[in-house]
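Residue numbers (our numbering): 140 to 243. Notes follow once the structure below has been shown.
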């Protein structure tokens, strides 16, 4: 029996982020989960490697689906086996998780 979900997962994708000053930068995600209908007031969740300082970007663009989102909550620490980390192993490095709302 096929599993029915209300979301689409994209792993290891290149995304564009925009900072409050308008500067744009390319990043790579671990996971971008796009919901077909709003879930917990979000249209998407994203996690990225927790490699440097606290991320301050305010918008995210994913070319593959031609969509922009705004970051609606400060990034949170994503646990190794958190609900948005998929079926990843214990070897996953730390990550930030973002809550996103589609710009309409």
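We treat Cβ as the ideally placed atom computed from N, Cα and C, and that holds for glycine.
Alpha-carbon to alpha-carbon, residue j and residue i
i: residue 208; j: residue 237; result: 11 Å
i: residue 155; j: residue 165; result: 5 Å
i: residue 190; j: residue 145; result: 30 Å
i: residue 202; j: residue 162; result: 17 Å
i: residue 180; j: residue 210; result: 12 Å
Beta-carbon contacts of residue i that lie in its chain and below 8 Å, excluding the five residues immediately before and after
i: residue 272; result: Outside the modelled stretch of the chain, which goes from 140 to 243, sits residue 272, for which no answer is possible.
i: residue 175; result: 145, 146, 147
Under the three-state DSSP convention, the category residue i falls into
i: residue 197; result: coil
i: residue 235; result: strand
Contacting residues, own chain, Cβ-Cβ under 6 Å from residue i (five flanking each side not counted)
i: residue 168; result: 152, 154, 185, 187
Cβ-based neighbour list, residue i, same chain, cut-off 7 Å, excluding 5 preceding and 5 following
i: residue 158; result: 195, 196, 197
Every unbroken beta strand (DSSP E) inside the stretch 159 to 193 [3 residues or more]: 163 to 167, 170 to 178, 181 to 188
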